[in-house]
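*Asks:* Numbering (our numbering), first residue to last: 135 to 271.
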Amino acid sequence: MRVPSSLRQRGLRFNVTPLIDVIFILIIFFLVASHVVRSEAREEVALPIASRSTDVESPPRRLVITITADGQFLVGNQAEEMLTVEQRIQLAGAEGDTPVEVRFRVDRDVPYEKVEPLLMACAKAKISDVKFAVVTK
């Protein structure tokens with residue numbers, strides 16, 4: 135088989151356009167993934183120490199509530215008032231058939247009086263899967 139004269143003069147070339155497209159897609163994916171990971175654990179919280187803990191699989195829906203040492207409430211990465219957090223708990227309990235896990239990240243210096251209204255909101259919303267993030271010894 136004869137190679138056409140135009141290819142003989144230029145030589146065979148490798149098409150790098152699809153390779154560049156894939157690399158850009160991977161870069162965008164990793165940028166988005168790193169932003170999501172950083173947004174959930176942005177605030178430094180000194181978690182309480184526990185003698186035992188278990189690793190659990192993530193349920194389909196999880197609501198992460200952080201209470202900082204200065205008493206600020208964060209849902210995900212957004213600062214919220216306590217009443218707004220209680221409303222979000224109520225909405226999470228009322229949505230759909232999938233179970234909801236509420237995970238509290240509470241600074242060890244926060245008094246229980248700040249956490250109790252949120253636990254009561256979980257009970258009213260019939261959310262029984264409530265967990266506290268702790269640090270093991």
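For every residue, glycine included, the Cβ atom is placed at its ideal position computed from N, Cα and C.
Bear in mind that the values here come from a model prediction, so they are computed numbers and not experimental data.
1) Roughly how far, in whole angstroms, is the beta-carbon of D263 from the beta-carbon of E235, given that I think they are within contact range, below 8 Å?
2) Give me the residue from I162, P182 and E220 with the minimum Cα distance to K271.
3) What is the DSSP secondary structure of F238, counted as helix, strand or coil?
4) With respect to the beta strand (DSSP E) encompassing V272, which residues constitute its N-terminal and C-terminal limits?
5) What do you reckon, are the CB atoms on K248 and G227 nearer than 8 Å?
6) Is the stretch 240-255 touching the stretch 192-211, taking contact as three or more C-beta pairs under 8 Å?
*Replies:* From the atom records:
1) 4 Å
2) P182
3) strand
4) Nothing in the structure corresponds to residue 272, since the chain is present only between 135 and 271.
5) no
6) yes
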